[in-house]
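Reading through the structure tokens given below for one structure.
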């Protein structure tokens, strides 16, 4: 079974939705697919307890109302069986999509760094906690500590508090000087300045990071280092995230150049591969505003409307400035590389401790010797961690990119020239 479209967009977050809406003004046939049940991506994730912003709801409704846009929810890319062809799968079937142009809006995921106790039940990522709460996981009256780096900590705290959690502490690893310097620049982006007031928390501490999660069968407390002093706090949940890492694997598999861990693009959001564009956090981090304008530029260019894209370049430059200030202020302290002890698991899927990785020269060597990265997540968690800890560059992914049914994989045999 196969499908053909003029423009295929992977990812229905802010960038993907903006790209689809920009391209939909033409007669182009557009397919938009995402692995979530509803559009919005991670930043606008919907669910029983989610409060989706009005802007997100309106954008989603406008895109889904376009007669030349076909949306596939709960759909994952499995393989690249041939030129301008992707093998995809949803809950019921697998099929191939042939396209003329492709826009990658694959977003980002949390960077999780290993520390003693990080695999205890009750410990999640900061963004992971947000997703769980929006999906309906109860947190009312649970004692919560949030640690790591970046504005996501504050957003996660706000979601948890709105759902009844007792917020005990937010530990931000960046220094007071760095955070204060970033705050003084916020008037350049008035909306972000107003947003910062709504997210302010008394328990927010700079120069503070997690040392260990404490407990036996599940989390019982957390040990923090706050401005050089060790503090222990009893808690029920620890949400810990050290920023974001671009989901660039599909771009790598398609041969797109990756630079500084993100898909490299030019002025028109074009990648190094012809007829493939990328937008949003798979090209770098800077929030929904940056993703929206990059997606719109990519959508216009993909259907040949460069004048419309040209008109958006100054807005993109403004949000690129915000992204640069954000990433500079919340750059990770090299001291975080020493969080793991010898017996701390780095690869949770294959139970590989930190000690088993020391002495290897690269990702491939460590993988062959220890099975690191060969489990269910296929290195999505430990690969990013080892890249930060050791400077290893994970190899380009090989299909299948996600677990798939045998019937779907059999469809590869029907690809001409396969």
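Residue numbers (full-length UniProt numbering): 1 to 418.
No residue lacks a Cβ here, since even glycine has one placed at the ideal position from N, Cα and C.
Can you find the residues in the same chain that come closer than 7 Å, C-beta to C-beta, to residue i, ignoring five residues on each side of it along the sequence?
| i | result |
| --- | --- |
| residue 223 | 211, 212, 214, 230, 232 |
| residue 206 | 172, 174, 175, 176, 179 |
| residue 365 | none |
| residue 456 | There is simply no residue 456 to check, as the chain begins at 1 and stops at 418 in what is shown. |
Report all residues from its chain with a CB closer than 8 Å to the CB of residue i; omit the five preceding and five following residues, and keep chain order.
| i | result |
| --- | --- |
| residue 111 | 241, 242, 243, 244, 245, 384, 385, 388 |
| residue 431 | As shown, the chain starts at 1 and ends at 418. That puts residue 431 outside it, with no answer to give. |
| residue 313 | 267, 297 |
Alpha carbon to alpha carbon, what distance is there between residue j and residue i?
| i | j | result |
| --- | --- | --- |
| residue 199 | residue 154 | 6 Å |
| residue 310 | residue 261 | 27 Å |
| residue 319 | residue 14 | 14 Å |
| residue 254 | residue 39 | 24 Å |
| residue 308 | residue 299 | 10 Å |
| residue 304 | residue 20 | 14 Å |
| residue 121 | residue 128 | 13 Å |
| residue 72 | residue 343 | 43 Å |
| residue 293 | residue 196 | 22 Å |
| residue 317 | residue 403 | 39 Å |
| residue 202 | residue 166 | 13 Å |
| residue 283 | residue 163 | 32 Å |
| residue 95 | residue 1 | 5 Å |
| residue 328 | residue 107 | 20 Å |
| residue 235 | residue 130 | 17 Å |
| residue 9 | residue 87 | 14 Å |
| residue 345 | residue 29 | 47 Å |
| residue 250 | residue 285 | 18 Å |
| residue 239 | residue 142 | 12 Å |
| residue 370 | residue 279 | 35 Å |
| residue 109 | residue 390 | 20 Å |
| residue 119 | residue 92 | 33 Å |
Helix, strand or coil, according to DSSP, for residue i in the structure here?
| i | result |
| --- | --- |
| residue 58 | helix |
| residue 320 | helix |
| residue 43 | coil |
| residue 166 | strand |
| residue 141 | coil |
| residue 363 | helix |
| residue 298 | helix |
| residue 212 | strand |
| residue 229 | strand |
| residue 197 | helix |
| residue 401 | coil |
| residue 242 | strand |
| residue 275 | coil |
| residue 51 | coil |
| residue 395 | coil |
| residue 343 | coil |
| residue 135 | coil |
| residue 358 | coil |
| residue 184 | helix |
| residue 92 | coil |
| residue 14 | helix |
Could you round the C-beta distance between residue i and residue j to whole angstroms and report it? I think they count as a contact, below 8 Å.
| i | j | result |
| --- | --- | --- |
| residue 296 | residue 22 | 4 Å |
| residue 139 | residue 169 | Contact doesn't hold; Cβ gap of about 16 Å is too wide. |
| residue 114 | residue 340 | 5 Å |
| residue 149 | residue 332 | 6 Å |
| residue 409 | residue 400 | 7 Å |
| residue 41 | residue 11 | 7 Å |
| residue 17 | residue 63 | 5 Å |
For residue i, count neighbouring C-beta atoms within 10 Å of its own C-beta (all shown protein chains included) and say buried if the count is 16 or more, exposed if not.
| i | result |
| --- | --- |
| residue 134 | buried |
| residue 193 | exposed |
| residue 45 | buried |
| residue 209 | buried |
| residue 266 | exposed |
| residue 368 | exposed |
| residue 378 | buried |
| residue 33 | buried |
| residue 334 | exposed |
| residue 43 | buried |
| residue 116 | buried |
| residue 79 | buried |
| residue 227 | exposed |
Tell me which same chain residues have a C-beta within less than 6 Å of the C-beta of residue i, skipping the five on either side of it?
| i | result |
| --- | --- |
| residue 160 | 139, 144 |
| residue 257 | 264, 272 |
| residue 394 | 363, 379, 383 |
| residue 337 | 389 |
Can a CB atom of chain C be found closer than 8 Å to the CB of residue i?
| i | result |
| --- | --- |
| residue 383 | Given the protein chain composition of this structure (a single chain), no chain C is represented. |
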